[in-house]
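Novice: Input: one structure, supplied below.
In my numbering, the protein residues as written are 415 to 720.
In structure tokens, the structure reads:
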């Protein structure tokens, strides 16, 4: 069977995904990415599997916003010592540096997660557990962003206020619930910075030199990792969460040559994790979903408190 996609306006789910959701609601066996122990643990906490869900977007990223080399200040003897962060902040940032590129990455991941949650909603689920985020380069500046996991639903008649999502595996979510915490939303932090290779950095990085720290690169990677963690914290706070569990931090660094004999190094840090909220402060937390989940009006936005 073929699905006509010519009339899709980019809103909601793509036609093929919507057709898959329609088949899922019609009945039949549900699929899961859980292991046996994880699924049993969530069942004991009041949640059952409703099906595997996925969200994806293919995005062209052509304009990065690069505004020049990372040199902005001179140190002793005229050596360049600065870097140009060019990152998006909680206040929205600007178009300086690589901010448009970082914004495009945020948009790709956010849209993939949103479409995954829309599939969860269509299956009458309450949240998605064990989410995996991926990015694939498709060539010609095109990239696919994908988020997929297993949608779950409360056993009770009362539904939660917000669709939740978490990178944590099912058995860890069960432990979290037993401890009085509940997952709220996936949180990410992205930061990209550029630093000019000054004379000192070039000398320290020479392959024939002694074993020594390359202070310029240490400066760059420390800055970008710290800023990504700050962006992660800002997004966690925006969900109204009480804390977060970090699942991973990655770093990519590469060299560019904006001019003859002039090199810069660019570093990109990505932090991912789960924003969590406390629902019980007693010695023993309840494990019934009726006692865990909020009872206010339902929204698509994950984890935001009323």
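Glycine included, every Cβ here is placed at the ideal spot set by N, Cα and C.
1) Label residue 595 either buried or exposed according to how many other C-beta atoms from any shown protein chain fall within 10 Å of its C-beta, with 16 as the threshold for buried.
2) Under three-state DSSP, which class holds residue 602?
3) Taking the alpha carbon of residue 476 as the reference point, which residue from 535, 551 and 467 has its own alpha carbon closest?
4) For residue 559, collect the residues of the same chain with a Cβ closer than 6 Å to its Cβ; drop the 5 residues on either side in sequence, then sort them by chain order.
5) Using the rule of at least 16 other Cβ atoms within 10 Å of the residue's Cβ for burial, across every protein chain shown, is residue 645 buried or exposed?
6) When burial is assigned at 16 or more other CB atoms within 10 Å of the CB, is residue 533 buried or exposed?
7) Leaving out five residues on either side along the sequence, give the residues of the same chain with a beta carbon under 6 Å from the beta carbon of residue 649.
8) Pull up the DSSP beta-bridge partners for residue 568, would you.
9) Is residue 457 close to chain D, meaning its C-beta is less than 8 Å from at least one C-beta of that chain?
10) Given a cut-off of 8 Å, decide if residue 575 and residue 459 are closer than it, judged by their beta-carbon atoms.
11) Taking the Cβ atom as the reference point for each residue, do residue 606 and residue 682 lie within a distance shorter than 8 Å?
12) Mind checking whether the beta-carbon of residue 670 lies closer than 7 Å to any heavy atom of the ligand ZN?
13) With DSSP as the reference, label residue 683 as helix, strand or coil.
14) Can you tell me which of the three DSSP states residue 591 falls into?
15) Can you give me the Cβ contacts of residue 547 inside the same chain, cut-off strictly under 7 Å, excluding the 5 residues immediately before and after it?
16) Determine the direct distance from the alpha carbon of residue 677 to that of residue 620, and round the result to whole angstroms.
17) Is residue 569 buried or exposed, if buried means 16 or more other CB atoms sit within 10 Å of its CB?
18) State the CB to CB distance for the pair residue 451 and residue 465, rounded to an integer number of angstroms; the pair is presumed to be in contact (CB under 8 Å).
19) Please state whether DSSP places residue 635 in a helix, a strand or coil.
20) If you reduce the DSSP assignment to three classes, tell me which class residue 649 lands in.
21) What residues in its chain sit with their C-beta under 6 Å from that of residue 638, if we drop five residues either side in the sequence?
22) In this structure, does DSSP put residue 625 in helix, strand or coil?
23) Around the Cβ of residue 566, are there at least 16 other Cβ atoms within 10 angstroms (buried) or fewer (exposed)?
24) If you follow the alpha helix (DSSP H) that residue 521 is part of, which residue opens it and which one closes it?
25) Which residues in the same chain have their Cβ closer than 7 Å to the Cβ of residue 726, if we skip the five residues on either side of it in sequence?
26) Pick from 581, 555, 430 and 598: whose alpha carbon is nearest that of residue 447?
27) Once the 5 residues before and after residue 668 are set aside, which same chain residues still bring their CB inside 6 Å of it?
28) Please determine, among 643, 516, 474 and 520, the residue with the shortest C-alpha to C-alpha distance to residue 554.
29) Looking only at C-alpha atoms, which of 692, 467 and 456 sits nearest to residue 538?
Specialist: Inspection of the coordinates gives the following:
1) If you number the chain shown from 1, residue 595 lands on position 181. Buried, since its Cβ has 16 or more Cβ neighbours within 10 Å.
2) Position 188 of the chain shown, counted from the start, is the residue given in the question as residue 602. Three-state result, residue 602: strand.
3) The residue you call residue 476 lines up with position 62 of the chain shown. With respect to the C-alpha of residue 476, the residue from 535, 551 and 467 having the closest C-alpha is 551.
4) Along the chain shown, one-based indexing puts residue 559 at 145. Spatial neighbours of residue 559 in its own chain (CB-CB distance under 6 Å, excluding positions within 5 residues in sequence) are listed in chain order as 471, 522, 523, 526 and 549.
5) Indexing the chain shown from 1 puts residue 645 at position 231. Counting the other CB atoms within 10 Å of its CB gives residue 645 a total of 16 or more, which places it among the buried residues.
6) In the chain shown, counting from the first residue as 1, residue 533 sits at position 119. It counts as buried.
7) As a working note, residue 649 is residue 235 in the chain shown. Result list for residue 649: 601, in chain order.
8) Stepping through the chain shown from its first residue, residue 568 is reached at position 154. Per DSSP, the beta-bridge partners of residue 568 are 461.
9) In the structure shown, chain D cannot be found, because there is only a single protein chain.
10) As a working mapping, residue 459 is identified with position 45 in the chain shown. As a working mapping, residue 575 is identified with position 161 in the chain shown. Against a cut-off of 8 Å, the Cβ pair of residue 575 and residue 459 comes out as no contact.
11) The residue you call residue 606 lines up with position 192 of the chain shown. The residue you call residue 682 lines up with position 268 of the chain shown. Yes. Within cutoff.
12) Among the components of this structure there are no ligands whatsoever, and the ligand ZN is therefore not found.
13) By 1-based counting over the chain shown, the position of residue 683 is 269. Here residue 683 sits in strand by DSSP.
14) Along the chain shown, read from residue 1 onward, the residue named residue 591 stands at position 177. Assigned with DSSP and collapsed to three states, residue 591 falls in helix.
15) Walking along the chain shown from the start, residue 547 turns up at place 133. The residues are 523, 561 and 686.
16) Taking the chain shown and counting its residues from 1, one reaches residue 620 at position 206. Taking the chain shown and counting its residues from 1, one reaches residue 677 at position 263. Residue 620 and residue 677: Cα-Cα distance of roughly 14 Å.
17) Mapped onto the chain shown, residue 569 falls at position 155. Per the 10 Å Cβ criterion, exposed.
18) Within the chain shown, residue 451 is the residue found at index 37, counting from 1. Within the chain shown, residue 465 is the residue found at index 51, counting from 1. Rounded to the nearest angstrom, the Cβ distance from residue 451 to residue 465 is 20 Å, too far for a contact under 8 Å.
19) The residue given as residue 635 occupies position 221 in the chain shown. Residue 635 carries a helical assignment under DSSP once its states are collapsed to helix, strand and coil.
20) By one-based count along the chain shown, residue 649 stands at place 235. Here residue 649 sits in helix by DSSP.
21) The sequence position of residue 638 within the chain shown is 224, counting from 1. Correct list, in chain order: 605, 607, 681 and 683.
22) Mapped onto the chain shown, residue 625 falls at position 211. In the structure shown, residue 625 sits in coil (DSSP, three-state: anything other than H, G, I, E or B).
23) Here residue 566 refers to the residue found at position 152 when the chain shown is read from its first residue. Classification for residue 566: buried.
24) Within the chain shown, the letter at position 107 stands for residue 521. Counting along the chain, the alpha helix (DSSP H) containing residue 521 begins and ends at 513–536.
25) Here the chain has residues from 415 to 720 only, and residue 726 is not among them.
26) Here residue 447 refers to the residue found at position 33 of the chain shown. Closest in alpha carbon position to residue 447, among 581, 555, 430 and 598, is 581.
27) Along the chain shown, one-based indexing puts residue 668 at 254. 680.
28) Counted from its first residue, the chain shown places residue 554 at position 140. Across the set 643, 516, 474 and 520, the C-alpha of 474 shows the shortest separation from the C-alpha of residue 554.
29) Reading the chain shown from its first residue, position 124 is the one you call residue 538. Looking from the CA of residue 538, the closest CA among 692, 467 and 456 belongs to 467.
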